[in-house]
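K.L.:
The structure is given below, and queries will be raised subsequently.
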Amino acid sequence: MKAAVVVFPGTNCEHDVAWALGIAGADAHLVWHRETDLSDFDGIVLPGGFAHGDYLRTGAIARFSPIMDEVKRRAEEGVPVLGICNGFQVLCEAHLLPGAFHQNRDLTFICRPIHLRVEDTDSILTRAAEVGQVLTIPLNSYEGNFTVHDPAAMRGRVLARYADATGSVDDESNPNGSVDNIAAISNPAGNVAGIMPHPERAVEEILGSVDGLVLMRSFVESMEPARV
Amino acid sequence: MKVTIVVRRRPEISDPQGTTVSRALSDMGFAGVGTVRINKEIELEVEGDDTADVERRVTEMCERLLANPVMDDFEIRVAE
Amino acid sequence: MKVTIVVRRRPEISDPQGTTVSRALSDMGFAGVGTVRINKEIELEVEGDDTADVERRVTEMCERLLANPVMDDFEIRVAE
Amino acid sequence: MSDPVDPDEEPVHRLLGLTDEEFETIGGILGRSPSDAELAMYSVMWSEHCSYKSSRPHLGRFPTQAPWVVVGPGENAGVVDLGDGWLAALRIESHNHPSFVEPYQGAATGVGGILRDVFTMGARPIALWNQIRFGSLDDAHNRYLFSGVVAGIAGYGNAVGVPTLGGEIAFEECYTGNPLVNVMCLGVLRREQLVLGTAGTEGSVAVLLGNATGRDGIGGASVLASASFDETSGTKRPSVQVGDPFEEKKLIEACLELYDKGLVVGVQDLGAAGLSCACSEPAARAGMGMDVDLDAVHTREPDMTAPELLMSESQERMMAFVAPDRLEAVLEVARRWEIDAAVVGTVTTGGTLTVRHNGEVVAELPADSLSEAAPVYKRPTGEPIWLAGLWNNTMDLLTPPSVDEALLRLLDDPSIADARWVYEQYDHMLFLNTVIEPGHDASLIRIKGTSKGLAVSTDGNGRHCYLDPRRGGARLVYEAGLNVALTGAEPMAVVDNLNFGNPEKPEVMWQFRETIEGISEACEVLSTPVIGGNVSFYNETDGNDIFPTPVIGLLGLADPMPAHPPRLDGARAGMELWMFGSQRSRNLAGSAFEKVIAGHVGGRPSAPDAVMARGVIEVAIHNARLGLAPAVHDISDGGAAVAIAEMCIRSGVGATVQFTDWVGLFAENPHRFIAAVPADVASDLETLAARWDVPVTRLGHFGGTEIRFENGGPESASVGLAEATERWREAIPRRLAGG
Ligand SMILES: Nc1ncnc2c1ncn2[C@@H]1O[C@H](COP(=O)(O)OP(=O)(O)O)[C@@H](O)[C@H]1O
Ligand SMILES: [Mg+2]
Numbered sequence: 002m003k004a005a006v007v008v009f010p011g012t013n014c015e016h017d018v019a020w021a022l023g024i025a026g027a028d029a030h031l032v033w034h035r036e037t038d039l040s041d042f043d044g045i046v047l048p049g050g051f052a053h054g055d056y057l058r059t060g061a062i063a064r065f066s067p068i069m070d071e072v073k074r075r076a077e078e079g080v081p082v083l084g085i086c087n088g089f090q091v092l093c094e095a096h097l098l099p100g101a102f103h104q105n106r107d108l109t110f111i112c113r114p115i116h117l118r119v120e121d122t123d124s125i126l127t128r129a130a131e132v133g134q135v136l137t138i139p140l141n142s143y144e145g146n147f148t149v150h151d152p153a154a155m156r157g158r159v160l161a162r163y164a165d166a167t168g169s170v171d172d173e174s175n176p177n178g179s180v181d182n183i184a185a186i187s188n189p190a191g192n193v194a195g196i197m198p199h200p201e202r203a204v205e206e207i208l209g210s211v212d213g214l215v216l217m218r219s220f221v222e223s224m225e226p227a228r229v
Numbered sequence: 038m039k040v041t042i043v044v045r046r047r048p049e050i051s052d053p054q055g056t057t058v059s060r061a062l063s064d065m066g067f068a069g070v071g072t073v074r075i076n077k078e079i080e081l082e083v084e085g086d087d088t089a090d091v092e093r094r095v096t097e098m099c100e101r102l103l104a105n106p107v108m109d110d111f112e113i114r115v116a117e
Numbered sequence: 038m039k040v041t042i043v044v045r046r047r048p049e050i051s052d053p054q055g056t057t058v059s060r061a062l063s064d065m066g067f068a069g070v071g072t073v074r075i076n077k078e079i080e081l082e083v084e085g086d087d088t089a090d091v092e093r094r095v096t097e098m099c100e101r102l103l104a105n106p107v108m109d110d111f112e113i114r115v116a117e
Numbered sequence: 163m164s165d166p167v168d169p170d171e172e173p174v175h176r177l178l179g180l181t182d183e184e185f186e187t188i189g190g191i192l193g194r195s196p197s198d199a200e201l202a203m204y205s206v207m208w209s210e211h212c213s214y215k216s217s218r219p220h221l222g223r224f225p226t227q228a229p230w231v232v233v234g235p236g237e238n239a240g241v242v243d244l245g246d247g248w249l250a251a252l253r254i255e256s257h258n259h260p261s262f263v264e265p266y267q268g269a270a271t272g273v274g275g276i277l278r279d280v281f282t283m284g285a286r287p288i289a290l291w292n293q294i295r296f297g298s299l300d301d302a303h304n305r306y307l308f309s310g311v312v313a314g315i316a317g318y319g320n321a322v323g324v325p326t327l328g329g330e331i332a333f334e335e336c337y338t339g340n341p342l343v344n345v346m347c348l349g350v351l352r353r354e355q356l357v358l359g360t361a362g363t364e365g366s367v368a369v370l371l372g373n374a375t376g377r378d379g380i381g382g383a384s385v386l387a388s389a390s391f392d393e394t395s396g397t398k399r400p401s402v403q404v405g406d407p408f409e410e411k412k413l414i415e416a417c418l419e420l421y422d423k424g425l426v427v428g429v430q431d432l433g434a435a436g437l438s439c440a441c442s443e444p445a446a447r448a449g450m451g452m453d454v455d456l457d458a459v460h461t462r463e464p465d466m467t468a469p470e471l472l473m474s475e476s477q478e479r480m481m482a483f484v485a486p487d488r489l490e491a492v493l494e495v496a497r498r499w500e501i502d503a504a505v506v507g508t509v510t511t512g513g514t515l516t517v518r519h520n521g522e523v524v525a526e527l528p529a530d531s532l533s534e535a536a537p538v539y540k541r542p543t544g545e546p547i548w549l550a551g552l553w554n555n556t557m558d559l560l561t562p563p564s565v566d567e568a569l570l571r572l573l574d575d576p577s578i579a580d581a582r583w584v585y586e587q588y589d590h591m592l593f594l595n596t597v598i599e600p601g602h603d604a605s606l607i608r609i610k611g612t613s614k615g616l617a618v619s620t621d622g623n624g625r626h627c628y629l630d631p632r633r634g635g636a637r638l639v640y641e642a643g644l645n646v647a648l649t650g651a652e653p654m655a656v657v658d659n660l661n662f663g664n665p666e667k668p669e670v671m672w673q674f675r676e677t678i679e680g681i682s683e684a685c686e687v688l689s690t691p692v693i694g695g696n697v698s699f700y701n702e703t704d705g706n707d708i709f710p711t712p713v714i715g716l717l718g719l720a721d722p723m724p725a726h727p728p729r730l731d732g733a734r735a736g737m738e739l740w741m742f743g744s745q746r747s748r749n750l751a752g753s754a755f756e757k758v759i760a761g762h763v764g765g766r767p768s769a770p771d772a773v774m775a776r777g778v779i780e781v782a783i784h785n786a787r788l789g790l791a792p793a794v795h796d797i798s799d800g801g802a803a804v805a806i807a808e809m810c811i812r813s814g815v816g817a818t819v820q821f822t823d824w825v826g827l828f829a830e831n832p833h834r835f836i837a838a839v840p841a842d843v844a845s846d847l848e849t850l851a852a853r854w855d856v857p858v859t860r861l862g863h864f865g866g867t868e869i870r871f872e873n874g875g876p877e878s879a880s881v882g883l884a885e886a887t888e889r890w891r892e893a894i895p896r897r898l899a900g901g
């Protein structure tokens, strides 16, 4: 199972994602944004960071990187595509996922572990998890505030919501103002997913949490059946 | 030609920055400040002397890059 | 009254964001794009019906909060 | 007839900050009067900021040698050997004055600058720290400065992709008109990747990488940092420099690839003295000269003059020195990372630096005269006449405080309170190396693929240093050393940032010399050589100097890193509460208690004790390595009472503590830490402490929902854990929300 980790200028979580994919059992390769062929890969991750400095609008410029047409093509073929944090923002800008992001409600950058409640397991990101499961995973963003035209139309596509330690979802447990506490979503087919917090930061005890592993493993497991 | 674009977030979408600024102004003692919206003004030098053509190109720039169709409206002014 | 303020970084101060956007537009195939500057447009509802008075208050808001005197210029337009 | 002095008549060299004698020296070096371009170069290179002309005679006192020191002070960053082919690079810098002018950009560009110092050495920057000091948060402008600085550090550090793993915040009146913004960066590298700032041999070409050059900071940082603020500074504000973390990120990756491929002979970052420094210093280090062509420099603005090009402080630029046959490969790497590159010079023999602009020679001078011939001032030093009075002015409390009220007020002091509002704005997890995150005594970082952990602590204390710069300076080193030891790391090396007032005042120079003496003594005791630092003078407002504020950054190595290093938040109900270290002298001079509760700064802080310092550090290291007490915390600001409360709050458990009198609870004597001790390790810990002759006091135990202090008398008191937590957590957010 070969996973491509896409590197835009300004991306900074590529090595972390590759490391975590390794722990989850995949063979990860960094791929520069000017490449145009991803047919060798069984899965694609757009990692976090500040692609093109996040200038103008987060994800806006990266969407036009040469590699993005190929990401789209592979996504249409059903290959698992995961965007984490900035990668999620890029997928939205590229219209592979609905919605958009703006600044956190309190206008400060937020770096801390938060709780997520898994809402749906029918996706490449959550298939190994259970509905209702509460995960502790670090959030790390300034523009993590998710907004979408019609939140009601997101039914069945919300993979995880911001929650408290007991799994209850409310305003209090919403760190950044995201509509309906949405933290992770997928396309209708479930093979393109985006998540704002960083599962790759929670894959080893020594770093404080291993709750991200179930998500990274979901992704890695999703790569197999399509490819064999 | 000099082109000025204003990119505005649609009114139904919240603007946390605008809300914060509005509150800060009241806190500072400025009375009677209502809604505040913070938009982006983009100034652009574009080669060409056909206004209509420049406008067409800039519209395309807005649609593809400078504005986000999910949440933004835009307005283009070409200086003569 | 509706007031529109444009806050612009002084021209001699670098604008990495503008530079990056200018490059991106060229990369996307838009020819003839020169300097790009990205400014802030602030739309404000202010109570009052004396234009001069509103303008005075808004100028003070700009000087104290909305613009950074060290690096920005600002321009105020009051809609009649 | 006497006309008023016309400022336009002021000779150029004085406007540039050169004294008449310095101007004459330049004439002597050149054998003629200097051109404008030459004057520009000398003025930036001979500024206090770049030349260390007032501090150099004293900095020689620092111990700088040890077998593990690979590169000592003088290069862009100090480098130490971690074993197995791994090296670490460390550097600290101040950006005080630019941050006062524009807090966001001032702090942001400070981060950019310190990163360049580290990746110039061939190292990948892996972590940042910041030490920031302001006047009281009760003042709106200080709140603006504080939140702007934090946002700037976050904005740049997060986007450039280097985690910020800690620092310090302090609030003190003396910083009101002169905040301190110090930033520190740690990098790691393989030994074969080490690069020095040398121009190499004849024929090497100088390639300018990164941002276009604009009129940034002309007369800016270097001149700024050398002239005091006064009431007129509002009108003289120089242009602000804007940081571009995106450009810097690309520059880091490009440079690391150049080193990896062995394509460069030397590298120099462009800092405060811009091209003037990047051309002359590497040439001087190599004993060479250079031909520089300013027409090749890529510029942001048209019509820049030669002095402007030479003095510009535009950010995110690096100079690489390259053998001619490698040039094409270097340009290819630059293209790949989408950064601009321009060949701006050629290295020559003979030591002359020749600069051309518009085809004409605009400067021709000995390259080494800019650095090595810089003036050195033996400024007069004198013990302040007010010092004895200050020492005698001990606190006089008519009624002893109630312990609970004092503790709550201390927890509510922003210098002591929870710093989470700050460090949660910083990415502190990137790279997946953060084993102990901000919010503990020291941060701990693993090096993947090795058994090694690096622990870092930074410490400063203006009040203690004001009352006794020598003791204060020494105690900072001991405190930082103990902090890293608590994680299991052996203290290894120190960098220092010396923030002082006006060096033209003898008492400031005395404070400076005494501080260096104190730091040096402690470094000798701990065998932690000083491998780099920074001096910031002229921190004064309207003639009032700041407290002398040295900041120490100390690097420790844990090899092997403990599997479960002790943390601040590991106390559990049922564990005993012990204190290690001596309680003999109980002294409140300079303490947070005196400042916060009595509004008093006076007396003389107690002297450090080298033997006890070493012993306590050994106990801390072995405790961590043996996996004995799982929770530890050093006693510093606010004394034992605050240390205990912090451990309770972070662990979510109360405690019951025996004490004799309240002075002991709030005194800040050095070389002490508290520990949460499970019953099954008690005897091992006792043996360990006895081996190092370190006294142990069993203060009580953890449990319950209150922090109780008992001495069998009316002074006994208790604070609810929830209330203590609330005060401590909300102190900063509450003030920022508007006082
Ligand atoms: N400016 C800052 N940036 C990041 N972390 C900070 C900053 N200031 C304080 N911290 C973190 O908060 C914790 C407590 O800080 P401080 O009260 O100064 O520690 P101590 O009392 O142990 O010297 C430390 O872990 C420190 O790293
Ligand atoms: Mg400490």
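Residue numbers (our numbering), protein chains in the order written: chain Z, 2 to 229; chain F, 38 to 117; chain D, 38 to 117; chain R, 163 to 901. All C-beta atoms, glycine included, are put in the ideal place defined by N, C-alpha and C. Keep in mind it's a predicted model, so treat the numbers as computed, not measured.
1) How big is the Cα-Cα spacing for Asp431/R and Thr282/R?
2) Nearest-angstrom Cα distance between Val524/R and Met203/R?
3) Using a Cβ-Cβ distance under 9 Å, would Phe220/Z count as near chain D?
4) Please determine, among Ser613/R, Ser619/R, Gly362/R and Lys610/R, the residue with the shortest C-alpha to C-alpha distance to Glu599/R.
5) Which whole-angstrom value describes the C-beta separation of Gly178/Z and Arg113/Z, a residue pair presumed to lie in contact below a C-beta threshold of 8 Å?
6) Identify, in the order they occur along the chain, each residue of the same chain with its Cβ nearer than 6 Å to the Cβ of Ile24/Z, setting aside the five sequence neighbours on each side.
7) Taking the alpha helix (DSSP H) that Gln267/R falls in, what are its first and last residues?
8) Going by beta carbon distance, what residues of the same chain come within less than 8 Å of Ser474/R, once the five residues before and after it are set aside?
9) Quick check on Glu702/R: buried or exposed, where buried means 16 or more other Cβ atoms within 10 Å of its Cβ?
10) Show which residues of chain R have a CB atom less than 8 Å away from the CB atom of Thr57/D.
11) I want to verify the contact list: residues of chain R whose CB lies under 9 Å from the CB of Asp17/Z, in sequence order.
12) Which term fits Asp70/Z, buried or exposed, when burial requires 16 or more other beta carbons within 10 angstroms of its beta carbon?
13) Over what stretch of residues does the beta strand (DSSP E) that includes Glu872/R continue unbroken?
14) In angstroms with no decimal places, state the Cα-to-Cα distance between Thr8/D and Ser309/R.
15) Does Ile75/D come within less than 9 Å of chain Z when only Cβ atoms are used?
16) Pick out whichever of Leu788/R, Pro722/R, Asp580/R and Thr690/R has its Cα sitting closest to the Cα of Glu808/R.
17) Taking DSSP's pairing of strands, which residues face Phe483/R in a bridge?
18) Just the chain Z side, please: which residues come within less than 9 Å of Ile28/F by C-beta, in chain order?
19) Can you find a CB in chain F that lies within less than 9 Å of the CB of Gly195/Z?
20) Mind checking whether His103/Z and Asn141/Z have CB atoms under 9 Å apart?
21) Let me know the secondary structure DSSP gives Lys610/R once reduced to three states.
22) Checking contacts by CB at 9 Å: is Thr193/D closer than that to chain F?
23) Have a look at Leu62/F and Arg114/D and give me their C-alpha separation to the nearest angstrom.
24) Out of curiosity, what's the CA-to-CA distance linking His116/Z and Leu425/R?
25) If you drop the 5 nearest sequence neighbours on each side, which residues of the same chain put their C-beta closer than 6 Å to that of Glu80/D?
P.N.:
Let me spell this out:
1) One alpha carbon belongs to Asp431/R, the other to Thr282/R, and they sit about 6 Å apart.
2) In this model, Val524/R and Met203/R are separated by some 11 Å (Cα to Cα).
3) Not one chain D Cβ lies under 9 Å of Phe220/Z.
4) Comparing Cα positions, the closest option is Ser619/R.
5) Not confirmed; about 16 Å, so no contact.
6) Same-chain partners within the cutoff: Val204.
7) Counting along the chain, the alpha helix (DSSP H) containing Gln267/R begins and ends at Pro265 to Phe281.
8) If you ignore the 5 residues before and after Ser474/R, its C-beta comes within less than 8 Å of the C-beta of Thr375, Gly376, Arg377, Asp378, Gly379, Ile380, Gly436, Leu437 and Met466, all in its own chain and listed in chain order.
9) By the neighbour-count criterion, in which a residue is buried when 16 or more other Cβ atoms sit within 10 angstroms of its Cβ, Glu702/R is buried.
10) By Cβ distance, chain R contributes Phe408.
11) Correct list: Met591, Leu592, Phe593 and Leu594.
12) By the C-beta density criterion, Asp70/Z is exposed, having fewer than 16 other C-beta atoms within 10 angstroms.
13) If you look at Glu872/R, you'll find it in the beta strand (DSSP E) that goes Glu868 to Glu872.
14) Shown here, chain D extends from 38 to 117; a query on residue 8/D therefore has no answer.
15) So yes, Ile75/D belongs to the interface.
16) Checking every option, the nearest Cα to that of Glu808/R belongs to Asp580/R.
17) In the DSSP output, where bridge partners are listed per residue, Phe483/R has Ala368/R and Gly428/R.
18) Look at the range of chain F in this structure, 38 to 117, and you will see that residue 28/F is not part of it.
19) Not an interface residue.
20) Judged by their CB atoms, His103/Z and Asn141/Z are not nearer to each other than the 9 Å cut-off.
21) The DSSP-derived three-state label of Lys610/R is coil.
22) The requested residue 193/D does not occur in the structure, where chain D is confined to residues 38 to 117.
23) If I take the Cα positions, the gap works out to 18 Å.
24) Each residue's CA atom was taken as its position, placing His116/Z and Leu425/R some 47 Å apart.
25) Same-chain partners within the cutoff: Thr41.
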